Amino acid sequence: MIEQDNIYMARAFELARKGRFTTSPNPNVGCVIVRDGVIVGEGYHQKAGEPHAEVHALRMAGDKAQGATAYITLEPCSHHGRTPPCAEALINAGVSRVVAAMQDPNPQVAGRGLYMLSQAGIETRSNVLLDDAEAANRGFLKRMRTGFPYIQLKLAASLDGKTALGSGESKWITSPAARKDVQALRAEASAILSTSSTVVADDPSLTVRWKELPSDIQQIYPEEQVRQPIRIVLDNHNRVTPEHSVTQLDGECWLVRSNPDENAVWQGQVEQIAIPADESGTDLVILMMQLAKRNVNSIWVEAGAKLAGSLLKLGLVDELIVYIAPKLLGSSARGLVDFPPLNALIDAPKFEFTEVKQVGPDLRVRLRPVW
Numbered sequence: 001m002i003e004q005d006n007i008y009m010a011r012a013f014e015l016a017r018k019g020r021f022t023t024s025p026n027p028n029v030g031c032v033i034v035r036d037g038v039i040v041g042e043g044y045h046q047k048a049g050e051p052h053a054e055v056h057a058l059r060m061a062g063d064k065a066q067g068a069t070a071y072i073t074l075e076p077c078s079h080h081g082r083t084p085p086c087a088e089a090l091i092n093a094g095v096s097r098v099v100a101a102m103q104d105p106n107p108q109v110a111g112r113g114l115y116m117l118s119q120a121g122i123e124t125r126s127n128v129l130l131d132d133a134e135a136a137n138r139g140f141l142k143r144m145r146t147g148f149p150y151i152q153l154k155l156a157a158s159l160d161g162k163t164a165l166g167s168g169e170s171k172w173i174t175s176p177a178a179r180k181d182v183q184a185l186r187a188e189a190s191a192i193l194s195t196s197s198t199v200v201a202d203d204p205s206l207t208v209r210w211k212e213l214p215s216d217i218q219q220i221y222p223e224e225q226v227r228q229p230i231r232i233v234l235d236n237h238n239r240v241t242p243e244h245s246v247t248q249l250d251g252e253c254w255l256v257r258s259n260p261d262e263n264a265v266w267q268g269q270v271e272q273i274a275i276p277a278d279e280s281g282t283d284l285v286i287l288m289m290q291l292a293k294r295n296v297n298s299i300w301v302e303a304g305a306k307l308a309g310s311l312l313k314l315g316l317v318d319e320l321i322v323y324i325a326p327k328l329l330g331s332s333a334r335g336l337v338d339f340p341p342l343n344a345l346i347d348a349p350k351f352e353f354t355e356v357k358q359v360g361p362d363l364r365v366r367l368r369p370v371w
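Heads up: the sequence shown runs through residues 1 to 371, numbered per full-length UniProt numbering.
See the structure below:
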């Protein structure tokens, strides 16, 4: 039974990953319904406000759901939100057993879904492929547990750890393949964070550009379904103007300012968020707490060495994603992270490698801080 549970739950996780570009702020969830050793229904959550994974799977299964086992990557919801409770739908469908990969830490659920099922006489099991469950929804789970979003800091560097020439030239250190990979990871994030210095210097779009996504992702993620992550710009000195691209393109743009300009007229979906600041800049801890309250699960950070150093110094970074190009930029080039001087080697921040992958001619290195 345990081996079968693992097999069907693995399939449910395959389905859940299909929603990773579109479900934010909801979690990625997949569901497989099995009767007499045959999959009779499956589905995944596609977008907030639309039917959950269980509903899609039950619709496919129809009457065959009676007496079946449902495998779900997250505990079924038990509350009325924008959609009815999935626990109730499973009960009404007559399933005899529900296997959930993990309990939902959302205070509105938090074991109530499984309790509702067991009270209805349905056998339940949880904590199946728990590591996969944690990996599938890192942002959602961290926000629910801590009140902070999951923060990924993206860096690109040469072999000698430089991000740009002394003149500031940085296009392009990494290859087209690496930049396509960045687009794919951007697309999974709830928001993209940068600074007004980057916006003023480069006028970036900070968007997901479908035409630059890897072809395998384009096949499963049609252009018309693209969800643009929220563009968040630290702009304490109100340097971003309506002429900058980040304020004009599709999707939301949030400008983080200590004193919002109430007279500014914007062309796009621009909101100014008031966050206190001092001489060193925006209070990043307060900002992250506010973003979590706004249902931002995960943040993809693309900025300069100063913001990277500040986030690392405050212990806010959950994951580093570093693209390393096989080039040398020389001693006058700009460094990767602006981090305070250390008095002893033992004080150096430490990281553990979680993945090293070749992307075109470059390497993509994923690391987790060891706090």
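For glycine and all other residues, C-beta sits at the position ideal for the given N, C-alpha and C. The model shown is predicted, which means the values in this text are computed figures rather than measured ones.
- For ILE151, the closest alpha carbon among the candidates GLU302, LYS162, LEU336 is that of GLU302.
- Out of PRO276, GLU252, ASN238, the CA that lies nearest to the CA of ASN263 is found in ASN238.
- Note on the UniProt domain "CMP/dCMP-type deaminase" (3-125): whole beta strand (DSSP E) runs with a minimum of 3 residues are 30-35, 38-44, 69-72, 97-100, 123-125, in chain order.
- Remark: C-beta atoms of LEU90 and GLU50 do not approach each other more closely than 8 Å.
- Note on geometry: alpha-carbon atoms of GLY113 and GLU3 lie some 24 Å from one another.
- Relative to MET102, the option among LEU141, ALA48, SER175 whose CA is nearest is LEU141.
- Under DSSP, ALA191 shares a beta bridge with ILE230, ILE299.
- Between ASP104 and GLU75, the C-beta gap is smaller than 8 Å, which places the two residues in contact.
- Within the same chain, Cβ atoms closer than 8 Å to the Cβ of LEU117 are found at PRO76, ALA87, LEU90, ILE91, VAL98, THR124, the five residues on either side in sequence being excluded.
- A check of alpha carbon separations from ALA305 across THR163, ASN6, LEU206, ASN137 identifies THR163 as the nearest.
- By the Cβ neighbour-count rule, ALA70 is buried, with 16 or more other Cβ atoms within 10 Å of its own.
- At least 8 Å separates the beta-carbon of MET289 from that of GLY67.
- Taking LEU307 as the centre and dropping the five residues before and after it, the same chain places the C-beta of THR195 closer than 6 Å to its C-beta, in chain order.
- Contact between the stretch 330-337 and the stretch 181-195 is not established, with fewer than three Cβ pairs separated by less than 8 Å.
- In this structure, the beta-carbon distance from HIS45 to VAL29 falls below 8 Å.
- In the structure shown, the three-state DSSP call for LYS171 is coil.
- Excluding sequence positions up to five before and after ASP132, its CB lies within less than 6 Å of the CB of PHE13, all in the same chain and listed in chain order.
- Taking the Cα positions, TRP254 is about 17 Å away from GLY281.
- Within the DSSP bridge table, the entry for ILE217 names no partner.
- For PHE140, the uninterrupted alpha helix (DSSP H) run begins and ends at 138-146, by DSSP.
- Within the model, the alpha-carbon separation for MET60 versus PHE351 is close to 45 Å.
- Taking the Cα positions, LYS293 is about 13 Å away from ILE273.
- If you check the CB distance, VAL337 and LEU316 do not come in under 8 Å.
- Buried is the label assigned to LYS154, since at least 16 other Cβ atoms lie within 10 Å of its Cβ.
- Taking a contact to require three or more Cβ pairs closer than 8 Å, the stretch 360-370 and the stretch 197-216 do not qualify as touching.
- Counting along the chain, ALA274 sits inside the beta strand (DSSP E) bounded by residues 269-274.
- Burial check for VAL109: the Cβ neighbour count within 10 Å reaches 16 or more, so the residue is buried.
- With a 10 Å radius around the Cβ and a threshold of 16 neighbouring Cβ atoms, THR354 comes out exposed.
- Around the Cβ of VAL208, a 10 Å sphere holds 16 or more other Cβ atoms; the residue is buried.
- Comparing C-alpha distances from LEU328 to each of ASN295, SER170, ARG20 shows the shortest one belongs to SER170.
- Pairing ALA325 with SER158 gives a Cβ-Cβ distance under 8 Å.
- By the C-beta density criterion, PRO229 is buried, having at least 16 other C-beta atoms within 10 angstroms.
- If the five residues before and after ASN236 are omitted, its C-beta is found closer than 8 Å to the C-beta atoms of SER196, VAL256, ARG257, SER258, ALA277, GLY281, THR282, all from its own chain and listed in chain order.
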